[in-house]
Structures are given as structure tokens and as C-alpha cells.
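This report refers to the structure that appears directly beneath it.
Residue numbers (full-length UniProt numbering): 1 to 396.
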């Protein structure tokens, strides 16, 4: 009888509910149990898991490794997919192996290269992968100089943190003065250059030296994210490109995208699942970013008949799935959201002394709207409302 596989996903993206779904629907019908941890009790990943816990807040990377080792021992984890504190976790791979846990993540050297986008761009250039022009910026003067040079060359400048993930901190520079027109409609990624320069100068005056940005031309669509699966032997098992052009999504196996992704994945030992993103600079693809973790949209490869999460778990367990070629490429599609259940979790800090009378009024026979309103008035004596007034004000 084949034993079940116990997989742990630590604090990860909500989209990885689909990662867990695919593990359970693996083609071998092998039993998979999912353990999940998160800092947010309302993460849908917790609800999708077989067992779940809230993670302690404020742990240093070293303390988090100790916490993770304890989780693996106590929960009998076979495969750990770390996102939070990935660099610290993979540096202790031998410790995890000693408790019987395989890490589904690249070695520390590969994680370190791609943690800093400047180091990453320099490294991939050295192996022949094209990158866009870029400038490392740590001051207002450096920002202005970089923007002016890019604009003189006919480009629109943008910036993002030198280290970061998920598009956090990405902004496009504009010289259009700020006006009420910018407050209509939805928020946009555009930010006025004068406002950014002013903020940087204020930070410099206050001695804040935390700014570390990559400034580059805004790249054009299509954007192609190549999902890669690479073995510990540095040989690629799978590479499939997911294309994005506005709302329209699709798939590609064109070598103009796959070949540079292969060079990066194999050349830097991006073991297991990674995601390598490209966009167009003029008439050629250039590297945009490298993620040393499974992409949030990895599950979309199911439209091509590929179960990448399960193939990665097989590799981590020492069971080589061989080369994975999509049996077909799915038709173009778009992404829409849908409801997912949440766990019924009450955090201790959510029940304060002030809230206790309100909560205790709800489940009792006297727990009518009037009873709850009376409790609300009792704990907020400064209010001028009577219980009857409060009852009418409560949303139904």
C-alpha cells in the first residue's frame, strides 16, 4: 500500500488554494494531506487544507526556521513548500532532511542571486539572456538622472523595489501635474515625478536610507511567464509559457520564450518550481523578473493537461516524473474570481473586554437586536444614544 504524502504550505498567496486542489487530484490517486499555516485567519488556503494553524508574528528568520522544523517534526511533513523566509529555510536544508522533510525550493545560492534584481540582471546577462536598460537608484538625484536618460532615449520610466515580489511597489513615472483628474476612476500605477522627488528628499533629510529601487523603461506586452520544473540534477523537466496581453491569456511553447528560461533555470539551478517572466523591449523579449517559487497562476497549466504541483512533489520525493510536455495547449482564456470557503476561526485578540458584552448577548434567548444595542450603549457611556436608538441604527 502506498503511503499518503503530507505537504506543508507556509504563508502563501490565496491563489494557492488551486495548488492544493491539484495535489489532491494527482493522476496516481495517491492520498495527499495538506497542512497550511498563515498569519491571516481568513486566508482561503487555511480553509482548503486538511490541517491548519496560525503562524506566530514577529519571528526573525532564524526563529522562523526553528518554528518550521518543529512543525515538520510534529506534523510529519514529507514535503515543505516555503514562501515566507524562503532564503533562511533553504539554508537549513540538511536540518529539514534530518527530520524527514524534503524542501520544494531551490538551493540557497540560487535564491540569493534572484533576491536582488540588480544582481539577477547582471548574472543573467553574463549567460547571454537579454535584459532591459536599468539603473539602481537610492536617492532623488539618482532617480532624476535615470528618468531623464530613459526619456531622452524615448522610453517611459518606471521603478520597483530592487528586492520584492508580486508587483509590490511598482510605479510608472509621469510628468503630468497632479490634479483632480487623478482622483477619478480607479487608482492607477502612475505617479508624478515631482511628488516622488519631494518624498525622496524628505526621506534623505530625515536620514532614511531605505530606498533601493530599480528604474527601467516600461516594457510592452505581451507578458510571458514561463513556469519551469527543474530537477536537482539541473535538468529541466518542464517549461510552459503563459501569455498575458490585457485581459486575454493563453499558452506558448515558442523557443523565443522557453530558451532563455531554460538557460536561467538550468544555469542557476532553480530546482523544482520557478517562474521566469519576460516582456517586450522594442522587437525582442527581455527578462522582467525571476521568482524562485511556484507562481500564483501555476494552476492554469491544468488547461494544458499538466499537473505541475504533483510533478514537483514527485521530484522532491525522489520520484522522477520525466520530461513533461503538454499534450495540448488550451484555448485563450481570461481569469475571473470566485468564492472560496473560510475557516470558522476566532482569534484571541479579537475578543476584547469592550466587545465581550456584545458577543455574549448574541447567542442567548435575550440576544435580540435590542439586547445587543443595550450592551453597546453600556460599553460606550459617552454616547448620547438610548438602547432603542441604537437598535434602529444597527445594520440588518
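Just so you know, even glycine gets a beta-carbon here, dropped at the ideal spot from N, CA and C.
This one's a predicted model, so the numbers in the text were calculated from it and none came from an experiment.
Quiz item: Pairing CB atoms from the stretch 222-240 with CB atoms from the stretch 199-211, are three or more of them under 8 Å?
Solution: The stretch 222-240 makes no contact with the stretch 199-211: fewer than 3 CB pairs, one atom from each, lie closer than 8 Å.
Quiz item: Expressed to the nearest angstrom, what Euclidean distance is found between the alpha-carbon atoms of residue 3 and residue 323?
Solution: 25 Å
Exercise. Examine the Cβ distances between the stretch 263-282 and the stretch 291-309 and report whether three or more of them are shorter than 8 Å.
Key: yes
Quiz item: What's the C-alpha gap between residue 19 and residue 264?
Solution: Just so you know, the alpha carbons of residue 19 and residue 264 end up roughly 24 Å apart.
Practice problem: Check whether the stretch 121-135 touches the stretch 163-177, counting contact only when three or more Cβ pairs, one atom from each stretch, lie closer than 8 Å. | Solution: no
Quiz prompt | Cβ pair residue 46, residue 82 closer than 9 Å | solution = Going by C-beta atoms, residue 46 is not nearer than 9 Å to residue 82.
Quiz prompt | Alpha carbon of residue 184 to alpha carbon of residue 170, nearest angstrom | solution = 20 Å
Quiz item: For the ligand GDP, any of its heavy atoms closer than 8 Å to the Cβ of residue 275?
Solution: No copy of the ligand GDP appears in this structure; indeed no ligand is present at all.
Exercise. With residue 310 as the anchor, note down where its alpha helix (DSSP H) starts and where it stops.
Key: 308-316
Quiz prompt | Inside the stretch 33-69 only - alpha helix (DSSP H) runs reaching at least 4 residues | solution = 44-48
Quiz item: With 16 as the cutoff for other CB atoms within 10 Å, does residue 254 come out buried or exposed?
Solution: Residue environment analysis places residue 254 among the exposed positions, since fewer than 16 neighbouring C-beta atoms fall within 10 angstroms of its C-beta.
Quiz item: How would you call residue 285, buried or exposed, if buried means at least 16 neighbouring beta carbons within 10 angstroms?
Solution: By the 10 Å Cβ count, residue 285 comes out buried.
Quiz item: Who are the Cβ neighbours of residue 6 in its own chain at under 7 Å, not counting the five residues just before and after it?
Solution: 33, 35, 75, 76, 77, 78
Quiz item: Can you tell which of 125, 89, 71, 42 has its C-alpha closest to the C-alpha of residue 260?
Solution: 125
Self-check item: Cutoff 7 Å; reference residue 26; Cβ partners in own chain excluding five residues on either side
Solution: 32, 307, 310
Self-check item: Whole-angstrom distance between residue 182 and residue 196, CA atom to CA atom
Solution: 15 Å
Exercise. Using alpha carbons as the reference points, say which of 84, 173, 290, 305 lies closest to residue 325.
Key: 305
Quiz item: Within the chosen definition, does the stretch 88-108 reach the stretch 145-159 through at least 3 CB pairs nearer than 8 Å?
Solution: no
Quiz item: Apart from the five residues on each side of it in sequence, which residues of its chain come closer than 8 Å, Cβ to Cβ, to residue 291?
Solution: 114, 165, 274, 275, 276, 277
Quiz item: From the DSSP output, which residues share a beta bridge with residue 239?
Solution: 228
Quiz item: Roughly how many whole angstroms lie between the Cα atoms of residue 353 and residue 41?
Solution: Residue placement at residue 353 cannot be trusted, given a pLDDT of 45 that sits under 50; the coordinates are not used to answer.
Quiz item: By the 10 Å Cβ neighbour count, where 16 or more other Cβ atoms means buried, how is residue 13 classified, buried or exposed?
Solution: buried
Quiz prompt | Length-filtered (4 minimum) alpha helix (DSSP H) runs lying within the stretch 115-141 | solution = 117-126
Quiz prompt | Continuous alpha helix (DSSP H) stretch holding residue 260: start and end | solution = 255-267
Quiz item: Does the beta-carbon of residue 209 have 16 or more other beta-carbons within 10 angstroms, so that it is buried, or is it exposed?
Solution: exposed
Quiz prompt | 6 Å Cβ shell around residue 163 - same chain, five flanking residues per side excluded | solution = 115, 116
Quiz item: Grouping DSSP H, G and I as helix and E and B as strand, with all else coil, what is residue 334?
Solution: coil
Quiz item: What are the boundary residues of the alpha helix (DSSP H) that residue 99 is part of?
Solution: In the DSSP annotation of this structure, residue 99 is not part of any alpha helix (DSSP H), being labelled neither H nor E.
Quiz item: Which class does residue 252 belong to by DSSP, given the choice of helix, strand or coil?
Solution: strand
Self-check item: DSSP-derived helix/strand/coil call for residue 350
Solution: A caution first: residue 350 carries a pLDDT of 36, below 50, which makes its placement in the model unreliable, though a value can still be read off. Three-state DSSP puts residue 350 in a helix.
Quiz item: Helix, strand or coil for residue 208 per DSSP?
Solution: coil
Quiz item: Of the residues 107, 67, 188, 157, which one's Cα is nearest the Cα of residue 173?
Solution: 157
Quiz item: Taking DSSP as the reference, what is the three-state secondary structure of residue 275?
Solution: Strand.
Exercise. Please state whether DSSP places residue 16 in a helix, a strand or coil.
Key: helix
Practice problem: Compare the Cα-Cα distances from residue 213 to each of 37, 194, 139 and report the closest residue. | Solution: 139
Quiz item: Candidates 52, 73, 38, 51: which alpha carbon is nearest residue 85's?
Solution: Relative to residue 85, the option among 52, 73, 38, 51 whose CA is nearest is 38.
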